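In our numbering, the protein residues as written are 148 to 422.
Structure, rendered in structure tokens:
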């Protein structure tokens, strides 16, 4: 797999085909990470997530891994374009399937629009390897494509995914022929999904998960389902919370949805010590 030929064109291709939709997915939960000292970005590509990380965590050590040297060059240029120093960023040109993570334990792992490139057996190997070098209280940020659940959205999504895989297999020798959901492999590696958002009629999603290694077996979980009706700017206009630990119900007057509004479901697992 090589994105070398696409590297000079990837940014404008993304803008023409998706506008800022992918970038909104990339930064969806970054602001919710309270602190990060050692960050691992895998399959970073053209550097837009790297810039967001440097801006959010200016003092963090960042390891940026990509199999394409031209893509890494694009990422370096992104930092310089935003007047950001590269001293705290370590760029590694490596195929993640053959790369052994080094540089200590990472408290934040980011894999945006990357895991969808691999077959199921490769995906399991990659996630296990990255999970092994994550701190006990570490977080994993993920933005990627997914197959919508049902109906016309599923038909539309599968058509788009088929087109994308056909194109990238032809231009980059992509290993995967179809999309494999990483959820089960992340859970097997010890990660629990805390929050999840969907966009573009279920085709795009973002998630934040924690390793929970430190307190495994000692927690009990409270689930809160939050339905946020949001405008295209992703600013909540209405929120309803249904807590599994409370029977109290809160009623609110219904707010009509405009055609441009989006529905985003956030599934939050808030941990607390059990007796």
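By construction, the Cβ of each residue, glycine as well, lies at the ideal position given by its N, Cα and C atoms. Since the structure is predicted, the reported quantities are computational estimates derived from the model, not experimental observations.
(1) Apply the 10 Å Cβ neighbour rule to residue 298 and answer buried if 16 or more other Cβ atoms are within range, or exposed otherwise.
(2) Given a threshold of 16 other Cβ atoms within 10 Å of its Cβ, counted over all protein chains shown, does residue 230 qualify as buried or as exposed?
(3) Given residue 222, which residues of its chain have a CB within under 8 Å of its CB, disregarding the five upstream and five downstream residues?
(4) In whole angstroms, what is the alpha-carbon distance linking residue 459 and residue 224?
(5) Counting C-beta neighbours from all protein chains within 10 Å, is the total for residue 162 16 or more, i.e. buried, or is it exposed?
(6) Sort 274, 289, 273 by Cα distance to residue 260 and report the nearest one.
(7) Can you find the residues in the same chain that come closer than 7 Å, C-beta to C-beta, to residue 242, ignoring five residues on each side of it along the sequence?
(8) Closer than 8 Å is the cut-off here; do at least three beta carbon pairs connect the stretch 264-280 with the stretch 315-334?
(9) If you draw a straight line from the alpha carbon of residue 300 to that of residue 348, how long is it in whole angstroms?
(10) Under the rule that 16 or more other beta-carbon atoms within 10 Å means buried, what is residue 268, buried or exposed?
(11) Assign residue 281 to one of three DSSP states: helix, strand, or coil.
(12) Taking residue 357 as part of the beta strand (DSSP E), name the residues at either end of that continuous run.
(13) Could you say which of 258, 235, 150 lies nearest to residue 206 if we only look at CA atoms?
(14) Which residue spans inside the stretch 240-317 form an unbroken beta strand (DSSP E) run of at least 3?
(15) Exposed or buried, which one is residue 364 when buried takes at least 16 other CB atoms within 10 Å?
Let's see:
(1) By the Cβ neighbour-count rule, residue 298 is exposed, with fewer than 16 other Cβ atoms within 10 Å of its own.
(2) Label assigned to residue 230: exposed.
(3) Excluding sequence neighbours, residue 222 sits near 191, 192, 193, 194, 197, 211, 213, 238.
(4) For the chain, the structure presents residues 148 to 422; residue 459 sits outside this window and is missing.
(5) By the neighbour-count rule (16 or more Cβ atoms within 10 Å), residue 162 is not buried but exposed.
(6) Selected option, being the one with the closest Cα: 289.
(7) If we look at residue 242 and ignore the five residues flanking it on each side, its Cβ neighbours are 214.
(8) Segments in contact, yes.
(9) The straight-line gap from Cα to Cα measures roughly 6 Å.
(10) Exposed, since its Cβ has fewer than 16 Cβ neighbours within 10 Å.
(11) In this structure, residue 281 counts as strand in the three-state DSSP scheme.
(12) For residue 357, the enclosing beta strand (DSSP E) begins and ends at 351-357.
(13) When the alpha-carbon of residue 206 is set against those of 258, 235, 150, the nearest one is in 235.
(14) You should have 253-259, 281-292.
(15) Confidence at residue 364 is low in this model, with a pLDDT of 35, below 50, so its placement is unreliable and no value can be given for it.
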